[in-house]
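Residue numbers (the working numbering), protein chains in the order written: chain A, 5 to 348; chain B, 378 to 931.
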């Protein structure tokens with residue numbers, strides 16, 4: 005097992021390296037970070053030339069990648085455009101923990117942006133994921149144990165409706181219903197946007213209250229999908245011989261379902277959750293945008309739209325790292341869930 | 378046992394996240410006194426919330442030309458002169474409006490003697506000189522050096538006098554200089570001396586030392602920017618205690634926030650939502666910000682024969698139901714005739730608006746040889762060239778809807794409008810990168826644009842701005858018309874205001890009659906205000922928050 009983990013970690017380094025090259029090339033080829041620097045006007049040619057030099061965008065892409073990876077404190081640059089390099093580079097590079105500074109704000113380190121947003125994202129995504137898992141399992145199991153009853157049919161119909169609705173629709177519809185209309189009708193209402201009401205302040209209850217609608221919106225779509233997986237897996241497992249044997253041994257239904265059936269039915273869900281967890285770091289772009297939640301999803305989109313390579317690369321590399329690690333953990337969890345699985 | 382541990386771990390994680398974010402939020406903000414923790418108490422603060430759909434890149438104007446930042450700078454920074462609700466300039470930091478020497482090469486500003494930064498340090502002419510030096514320094518990657526690169530130099534003969542000297546006459550100085558760009562020398566000089574640049578100065582994202590009626594208090598990226606009353610403000614002190622700009626990137630969510638009362642003021646809401654605001658008893662105000670939406674015609678040699686024919690352009694102007702099409706904006710905006718309609722003094726009074734007259738358009742096309750010879754509904758000229766016009770704009774929903782209307786209306790007179798929509802950075806890419814507008818692959822494009830408002834100057838139609846391999850980012854995508862080029866050059870050197878207005882009357886009439894530009898509609902700034910929550914507000918198109926110190930809560 006140890007050899008397996010070491011082998012996977014070594015593979016991960018190579019994968020991350022390849023990902024970084026591919027993403028960097030894509031980003032630097034797909035847009036012009038200087039295009040929006042003129043504000044409502046096109047960036048002036050004189051400013052374009054000056055900024056291209058000072059931001060290092062005049063270098064060949066391979067050199068820009070090397071500077072991003074290994075830093076540029078060993079090179080000199082021509083800041084004033086007179087053809088003579090006179091300014092010493094200051095970047096240390098990703099390998100030395102420096103993800104560079106944002107092209108958009110110039111001075112702010114990319115990692116500072118990311119560190120600011122990660123707690124907000126986790127705050128929203130972790131409770132959402134837990135809520136989604138608990139409700140999905142409960143609904144899926146309940147539905148499977150009462151297959152083809154009216155309640156199963158109702159859950160199935162509701163799942164299809166929920167799964168068919170785009171999240172932006174759920175988010176906006178719930179915002180208008182529970183915030184705008186409820187207020188108009190004199191009912192208790194929820195807040196529309198942000199993490200807290202500025203007139204009250206950023207208190208525990210304010211933040212929790214502002215999380216309700218975003219979590220609800222994300223949950224509607226995800227629960228619909230996950231509960232279907234849970235139902236079908238449970239149906240498959242409860243028809244297995246070992247479940248019948250467990251009943252024959254005189255075990256209670258609770259013990260059979262929770263002790264035997266659920267554990268085996270959970271393997272496909274573990275795969276799904278294993279894929280989901282790293283993306284929790286990436287946030288939920290649509291939900292965060294609509295509810296004005298300052299998370300990683302919005303950070304990513306905002307900076308991608310401006311082709312801010314250092315920030316976007318930072319986010320993608322963190323997510324890539326999380327994907328690789330979570331996949332490894334998922335594989336190890338299989339062993340615990342199903343002792344028949346061996347990594348030799 | 379293991380499950381219990383996992384469950385406990387998850388529960389701890391959730392609670393810890395919640396606590397960390399709620400109580401430790403200030404850690405992710407810029408460390409400034411009096412931030413969120415202070416506001417948690419339900420004090421009787423006069424506080425208003427304004428939604429902001431675009432988050433500024435930085436709060437240093439020199440590092441951002443973004444409109445949402447330019448506007449914001451009025452709150453915490455000071456401009457030497459502001460603009461009132463009629464977009465008329467008036468001295469703000471100055472004892473009088475700047476004076477210009479007879480040769481037009483020197484502009485002198487006399488500062489008030491009671492100016493102080495929010496930390497109590499006197500604000501003097503040296504701060505202006507320092508700001509100029511920082512913007513022009515090659516070590517600072519400011520977003521633009523315009524218009525400071527028009528100066529030969531700047532001097533501070535005494536603490537209250539600033540003298541700007543130009544190499545040549547630069548008429549638009551009044552409407553281009555010092556728009557929130559002023560920097561506190563006593564804060565930034567040590568940074569520049571230590572680091573050789575102010576690119577990474579903390580002041581850029583946390584300008585705790587300012588000179589406006591409010592003082593920067595906190596900025597949580599992606600969430601809000603908070604300003605508190607500047608107790609050292611040298612002007613009339615603000616009545617409100619706190620102004621919060623809440624970042625709400627989604628238009629529909631902004632509308633909901635305003636309707637639900639979570640926001641007191643919304644900026645630039647979607648036009649289709651205006652009836653909702655009015656029904657809810659909110660006030661909708663529009664203020665000319667210089668922008669007009671229009672069709673820009675490419676008449677260079679690579680353009681289609683149709684668009685290069687003046688009669689075709691006139692026919693397009695008459696075949697488009699421009700008035701009727703404002704229904705896309707709930708009929709709350711007027712059709713503009715020129716690029717300069719937001720500054721009407723510069724528009725020729727002799728301009729006759731193009732009428733909506735499809736029949737006249739058909740006749741004009743017939744008499745100029747564009748006839749439907751093969752009966753397919755599209756006209757051809759004598760050479761058999763189809764009257765096909767390639768039109769493009771970015772992917773903004775409203776523009777795409779306008780394309781559909783225009784296509785039908787032009788087809789009704791026999792003009793085939795081939796439309797496309799693409800991202801702005803692709804549409805306006807450089808000549809060498811095969812940008813479709815720069816290379817002339819597009820005959821007409823629609824955009825909302827502005828001269829150096831409220832100054833009428835623009836270099837868009839100057840011959841030296843035609844994009845080429847040598848000048849790939851040139852922005853004259855239209856035509857090199859030497860007569861027009863001469864007029865634009867002349868106005869830029871004309872100090873006498875009346876004479877300059879005359880030149881612009883000639884420019885606007887000439888461009889209108891030759892259909893170099895066709896107005897679609899005025900594009901004013903739109904504000905939605907909850908009158909139950911805010912009073913005393915006025916908005917300007919140049920310095921929207923010019924009287925924010927007079928705002929109150931009713």
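In this text, a Cβ means the ideal position worked out from N, Cα and C, and glycines have one as well.
The stretch 769-849 of chain B contains, as complete alpha helix (DSSP H) runs of 4+ residues, the segments 774-788, 801-804 (chain order).
In the three-state reduction of the DSSP assignment, residue 886 (chain B) falls in the helix class. Residue B:903 holds the alpha-carbon nearest to the alpha-carbon of residue 916 (chain B) among B:895, B:909, B:903. For residue 904 (chain B), the enclosing beta strand (DSSP E) begins and ends at 902-906. With the criterion set as a beta carbon lying under 7 Å from some beta carbon of chain A, the stretch 605-620 of chain B has no members that meet it.
Per DSSP, the continuous alpha helix (DSSP H) segment holding residue 213 (chain A) begins and ends at 208-242.
Looking at the backbone, the Cα of residue 800 (chain B) and that of residue 687 (chain B) are separated by about 29 Å. For residue 535 (chain B), the uninterrupted beta strand (DSSP E) run begins and ends at 528-535, by DSSP. For residue 920 (chain B), the CB contacts under 7 Å within the same chain, skipping 5 residues up- and downstream, are 451, 456, 459, 460 in chain order. Between residue 58 (chain A) and residue 83 (chain A), the CB-CB gap stays under 8 Å. The three-state reading of DSSP puts residue 665 (chain B) in coil, since its state is none of H, G, I, E or B. Selection B:484, B:492, B:579, B:498 evaluated against residue 546 (chain B) yields B:484 as nearest (Cα-Cα). Of all alpha-carbon atoms in A:148, A:97, A:225, the one lying nearest the alpha-carbon of residue 132 (chain A) is that of A:225.
Taking 8 Å as the cut-off, the Cβ atoms of residue 472 (chain B) and residue 489 (chain B) count as close. Cβ-Cβ distances below 8 Å link residue 247 (chain A) to 241, 260, 264, 265 in the same chain, with the five nearest sequence neighbours on each side left out; the list follows chain order. When C-beta atoms of the stretch 619-631 of chain B are compared with those of the stretch 280-300 of chain A, three or more pairs fall below 8 Å, so the two segments count as touching.
Ranked by how close their Cα comes to the Cα of residue 778 (chain B), the residues B:797, B:764, B:793 have B:797 in first place. Contact between residue 766 (chain B) and residue 684 (chain B) holds, since their C-beta atoms are separated by about 6 Å, short of 8 Å. In terms of CA proximity to residue 906 (chain B), B:643 leads the group B:516, B:805, B:643. In this structure, residue 587 (chain B) sits away from residue 725 (chain B), with a CB-CB distance that is not shorter than 8 Å. In the DSSP annotation of this structure, the continuous segment of the beta strand (DSSP E) that includes residue 593 (chain B) starts and ends at 591-597. Along the length of the stretch 423-502 of chain B, whole beta strand (DSSP E) runs at least 3 residues long occupy 424-429, 458-460, 466-468, 483-487, reported in chain order. Short of 7 Å from the beta carbon of residue 652 (chain B), and not among the five residues preceding or following it, lie these beta carbons of its own chain, in chain order: 707. With contacts defined as CB atoms closer than 8 Å, residue 648 (chain B) and residue 719 (chain B) fail to qualify as a contacting pair. Taking 8 Å as the threshold, the shortest C-beta distance from residue 96 (chain A) to chain B does not fall below it. Interface annotation for the stretch 579-590 of chain B against chain A: 579, 581, 582, criterion Cβ-Cβ distance under 9 Å. Within the stretch 735-775 of chain B, the runs of beta strand (DSSP E) that reach at least 3 residues and sit entirely inside it are, in chain order, 765-770. For residue 811 (chain B), the closest Cβ of chain A is not nearer than 8 Å. A contact is defined here as three or more CB-CB pairs under 8 Å, and the stretch 283-290 of chain A meets this definition with respect to the stretch 299-310 of chain A. Sorting A:203, A:215, A:344, A:206 by C-alpha distance to the C-alpha of residue 268 (chain A) places A:344 at the top. Sequence-distant partners of residue 842 (chain B) (beyond 5 residues in either direction) whose C-beta falls short of 7 Å from its own C-beta, in its chain, are 836, 851, 852, 853.
Judged by beta-carbon spacing, residue 911 (chain B) lies within the 8 Å limit of residue 641 (chain B), meaning their Cβ atoms are closer than that value. Spatial neighbours of residue 809 (chain B) in its own chain (CB-CB distance under 7 Å, excluding positions within 5 residues in sequence) are listed in chain order as 846, 849. In the structure shown, residue 895 (chain B) falls within a strand segment according to DSSP collapsed to helix, strand and coil. Any Cβ of chain A closer than 8 Å to the Cβ of residue 435 (chain B) would place that residue at the interface, and such an atom is present. Chain order gives the chain A residues near residue 625 (chain B) as 197, 296, where near means a beta carbon separation below 7 Å.
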